[in-house]
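Visitor: In terms of UniProt numbering, the sequence shown opens at residue 1 and continues consecutively.
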Amino acid sequence: MLEEKTFYYSEKQGRGFPVLFLPAAGFLGNEGQNIADVILDDFQTHLLDLPGMGRGQGIKKRCTTKEMAEWVKGYLDQEGIDQVHVIGHSLGGALGMAFAAHYPKRVSKLVLLDQGHKPFPRIPKNEFGPFAYAFPVLSGAVRLFGRPILQKLEPLFAGSPTNYEDRDIDQEVHDFCEQFNLENTAYIRKAKEIPAEFSVDGLNLMFGYYQTNLPKLLKRIESKTFLAYATFKEVDEKEQRYTQKYIKSWSNGGELSLRSVNGGHYVHWADEGLLTDIHDFLKGT
């Protein structure tokens, strides 16, 4: 079972200039373990659980990009970190972008893993199945009524309590790797062993994410940014076309560097060469 929540929960590894890793929804900070292992000789990686989706407390106010940024800032202030490299995957990337947009002088470099180059779907079927059709209405209700609505919705998203002893983790990892065309590795197994369970605060974060214009937020970033995006080739033909449509609008010059990864959403598990590219980007001037 997960431990009692503290305000922030992170695991620190390596030494050197600080790197903050922010995971995708459903994962703890250890989703970034394979990245931390590659860069540990040059950087200290902080594998941070997301607010309300792990072993840390969540954001209580309406979850705007400003509140996301303040939450990240609070952790860095607590750790006495003035400047940091930020790596964020998916939802974690949205928090990283929010922090970089609101506190540009505190982000040295930003690495986005399949995040920012295209909008989050208005009907997020891949994430929530048929229930996704209700998302626009629910999002409006959350905007109007806030936490009382979130408390009523939380049981629908959380499902029944997890019985860790009854889970077939081998089958879960196998199915996950099959779904996303990934090699079954110890890193994936470790990340899947303890899922980040939903809570009211986690749901608050999800709706804040849903309400964020991700490409618009990315355009505000001043820091040098490395964006590794999934092509979805041989994984999801519809998502492949959707990605191609939006990636054409981004140039490969200026402060934004693009790097394609053939495969699905979990780009850091799909391409080992990407880990070296991330290390080189962080080390470069």
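Here a beta-carbon is modelled for each residue, glycine too, at the ideal position from N, C-alpha and C.
Can you tell me the Cβ-Cβ gap for residue 201 and residue 59, rounded? I've got them flagged as a contact below 8 Å.
Guide: For the purposes of this step, residue 201 is taken as residue 201 along the sequence shown, with counting starting at 1. For the purposes of this step, residue 59 is taken as residue 59 along the sequence shown, with counting starting at 1. The Cβ separation is near 6 Å, so the contact holds.
Visitor: Per DSSP, what kind of secondary structure is residue 226 in: helix, strand or coil?
Guide: The sequence position of residue 226 within the sequence shown is 226, counting from 1. Three-state DSSP puts residue 226 in a strand.
Visitor: Please report the distance separating the alpha-carbon of residue 119 from that of residue 257.
Guide: What you label residue 119 is simply residue 119 of the sequence shown in a count that begins at 1. What you label residue 257 is simply residue 257 of the sequence shown in a count that begins at 1. Those two C-alpha atoms are separated by around 19 Å.
Visitor: Which one of 145, 218, 92, 191 has the shortest CA to CA distance from residue 104?
Guide: On the sequence shown, residue 104 is found 104 positions in, with the first residue counted as 1. Ranking the options by Cα distance to residue 104, first place goes to 218.
Visitor: With DSSP as the reference, identify every bridge partner of residue 45, one or two as the case may be.
Guide: Working through the sequence shown from its first residue, we reach residue 45 at position 45. Residue 45 is bridged to 13, 19.
Visitor: Taking DSSP's pairing of strands, which residues face residue 88 in a bridge?
Guide: Translated into positions along the sequence shown, residue 88 becomes position 88. Beta-bridge pairing links residue 88 to 22, 112.
Visitor: Would you say residue 29 and residue 23 are within 8 Å of each other, going by their C-beta atoms?
Guide: Within the sequence shown, the letter at position 29 stands for residue 29. Within the sequence shown, the letter at position 23 stands for residue 23. Their beta carbons are under 8 Å apart, which means residue 29 touches residue 23 by this criterion.
Visitor: The beta strand (DSSP E) that contains residue 257, what's its start and end?
Guide: The residue labelled residue 257 in the question sits at position 257 within the sequence shown. Where residue 257 is concerned, the enclosing beta strand (DSSP E) stretches over 256-261.
Visitor: Below 8 Å, can you find three or more Cβ-Cβ pairs linking the region 47-61 to the region 76-90?
Guide: no
Visitor: Could you name the residues of the same chain whose beta carbon sits closer than 7 Å to that of residue 204, not counting the 5 residues immediately before and after it, in chain order?
Guide: For the purposes of this step, residue 204 is identified with residue 204 of the sequence shown, where counting begins at 1. Closer than 7 Å at Cβ, skipping near neighbours: 52, 58, 59, 63, 150.
Visitor: Would you list the residues sitting across from residue 107 in a DSSP beta bridge?
Guide: Looking up residue 107 in the sequence shown gives position 107. 84.
Visitor: Given a cut-off of 8 Å, decide if residue 266 and residue 180 are closer than it, judged by their beta-carbon atoms.
Guide: Within the sequence shown, the letter at position 180 stands for residue 180. Within the sequence shown, the letter at position 266 stands for residue 266. Yes, the Cβ-Cβ distance between residue 180 and residue 266 is below 8 Å.
Visitor: Is the separation between the beta-carbon of residue 284 and that of residue 68 shorter than 8 Å?
Guide: By 1-based counting over the sequence shown, the position of residue 284 is 284. By 1-based counting over the sequence shown, the position of residue 68 is 68. In this structure, residue 68 does not lie closer than 8 Å to residue 284 by Cβ.
Visitor: Does the region 34-41 come close enough to the region 94-109 that 3 or more CB-CB pairs lie under 8 Å?
Guide: no
Visitor: Taking the continuous alpha helix (DSSP H) assigned at residue 196, which residues delimit it?
Guide: For the purposes of this step, residue 196 is taken as the residue at position 196 of the sequence shown. Premise fails: residue 196 is in no alpha helix (DSSP H) and is neither H nor E.
Visitor: Output the distance between the C-alpha atoms of residue 1 and residue 199, rounded to the nearest integer angstrom.
Guide: As a position in the sequence shown, residue 1 is number 1, starting the count at 1. As a position in the sequence shown, residue 199 is number 199, starting the count at 1. Because residue 1 carries a pLDDT of 41, less than 50, the predicted location of this residue cannot be relied on, and the following value inherits that uncertainty. Those two C-alpha atoms are separated by around 15 Å.
Visitor: Output the distance between the C-alpha atoms of residue 271 and residue 114, rounded to the nearest integer angstrom.
Guide: Position 271 of the sequence shown, counting from 1, holds the residue named residue 271. Position 114 of the sequence shown, counting from 1, holds the residue named residue 114. Cα to Cα, residue 271 sits roughly 13 Å from residue 114.
Visitor: Determine the closest residue to residue 40 out of 186, 26, 18, 54, with distance taken between C-alpha atoms.
Guide: Taking the sequence shown and counting its residues from 1, the one referred to as residue 40 is at position 40. It is 18 whose Cα lies nearest to the Cα of residue 40.
Visitor: Applying the 10 Å Cβ sphere with the 16-neighbour rule, what's the burial state of residue 186?
Guide: In the sequence shown, the residue the question calls residue 186 occupies position 186. Exposed: under 16 other Cβ atoms inside 10 Å.
Visitor: Between the beta-carbon of residue 8 and the beta-carbon of residue 56, is there less than 8 Å?
Guide: Here residue 8 is taken as the residue at index 8 of the sequence shown, counted from 1. Here residue 56 is taken as the residue at index 56 of the sequence shown, counted from 1. Cβ distance < 8 Å, so residue 8 and residue 56 count as in contact.
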